[in-house]
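Written below as structure tokens is the structure these notes are about.
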Amino acid sequence: MDIRDGDKLGIKEYTAVLIICIGIKATDSTPTLLYKQGDNAGWMIPIISSVIVFLSLSCLLAVLERYKNKNLIEIIYHLTGKYIGAVLGMLFFISVTLVSATNIRNYVDILSTIYFRRTPIFVLAATMTASCYIIARLGVRAIGRTAWMALPWIIVITIAFVILVYNLIKVDYIYPIGGAGVKQILKGGVLYSGIFSEVIVFSVIFPQVKNYKCFKNSSYIALLYAVISISLLSAIYIMVMDYPPVVINSTPFHTVARLIYGGRFVSNLEAFFLLFWIIASVIRFGMYLYTDAALISYTLKLSEKKQMISAVSAIILMLSMIPENYIENINIARKTIINLDWILFYIVPCALLFLSQRKGDYKL
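First residue of the sequence shown: 1, per our numbering; consecutive thereafter.
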């Protein structure tokens, strides 16, 4: 299906989408998982992970540059054949579906634990999914425009958060700087490289970005921003909360936000941070729903992606209700998915580059 240039994402919109989708992970349970792996040095793990992601992204970009009119799934079919292509396409779909379900449950549990304790989990999950469905249904262009409008405010709020917690920081808490040791940090860098998987999986909408240069620059800019924001905020959490409290607390951003004192006439500043956190969450999961619908549509060779958004939303909502509690969702479901995702998201692009060279489609 041909897409007019006016309906495509420009560099501003696509960069904003990527920054929000990846950067917001600094405000959920991701830092907690990093510190469980690396102890005091958990904030270093995203830096190691970014190296792996950079190498895989470079392979993917090399392949996309050759097949400029094809998305990720179409390239997989072209290089591996219809049977292996169908299997890989379904694996990508299943992976993104599970990631979406566990993350929506993660965010809903945060809302339920801290802000809406009397509201049933299912009601919060259904409200969140319905909100994301609406923006996903409007299309990727609407998601991009919303992300671009929201991004400046989100960046300002993030900077304000860093400034306001400055007086709470105790640098001594970050020591020993080596944490659990070099081996554990490197291992964590590999296992948790899935936190940057959006730069790979969003290539399924590559034809809906204006051009290759726009896609490439947006990916690198967003990756750099995400590494800085996740590492910086993770470091702040431990310098405020100390270790091991940062491991026990699965909502470090919101906990630290509640410690901020705004003076006699400014109270409940965490509610202000919550507003923009919810906006970013809806944008993120709206993009996930759209991407997931695109994955299954291209894998099954369906003509319309939007028709699948409703089905995908229902599946994700049902899956998000499976974990019995917050701890089970984070320590078992989400951790397992992140630790396995890197195999799919980062080995496949390298394999595609190799197959492209073997077929003579790409010359090194």
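Note that beta-carbon positions come from the ideal geometry of N, C-alpha and C, so glycine has one too.
For the pair W43 and L60, the Cα-to-Cα distance works out to about 27 angstroms. Setting aside the 5 residues that flank it on each side, F253 is surrounded in the same chain by T27, each with a C-beta closer than 6 angstroms to its C-beta; the list follows chain order. For P31, the enclosing alpha helix (DSSP H) begins and ends at T30 to G38.
At least 8 angstroms separates the beta-carbon of I48 from that of L233. In this structure, the straight-line span from the alpha carbon of I169 to that of V162 is close to 10 angstroms. Bounds of the alpha helix (DSSP H) holding W148 are V140 to L164.
Distance between M128 and N40, taken at the CA atoms: about 33 angstroms. When the alpha-carbon of Y115 is set against those of T255, L355, A101 and G286, the nearest one is in T255.
Straight through space, the alpha carbons of K36 and A180 are spaced by roughly 9 angstroms. Sequence-distant partners of R284 (beyond 5 residues in either direction) whose C-beta falls short of 7 angstroms from its own C-beta, in its chain, are I20, C21 and I24. Take the alpha-carbon of I135 and the one of G286: they are about 6 angstroms apart. At the C-beta level, Y192 and L33 come within 8 angstroms of one another. Cβ neighbours of A294 within its own chain (closer than 7 angstroms, five residues either side excluded): V204, I205 and K305. Beta-bridge pairing by DSSP links V209 to L9. Of all alpha-carbon atoms in A351, F54, V182 and S356, the one lying nearest the alpha-carbon of V199 is that of F54. Between the C-alpha atoms of T291 and F202 there is a straight-line separation of about 7 angstroms. Rounded to whole angstroms, the separation of the alpha carbons of Y173 and L138 is 46 angstroms. If you look at G85, you'll find it in the alpha helix (DSSP H) that goes K82 to I110. A direct Cα-Cα distance of roughly 17 angstroms separates I73 from W342. By the neighbour-count criterion, in which 16 or more other beta carbons inside 10 Å mark a residue as buried, Q307 falls on the exposed side.
The beta carbon of V108 sits closer than 8 angstroms to the beta carbons of I121, L124, A125, M128 and S320 from its chain, once the five residues preceding and following it are set aside; these are given in chain order.
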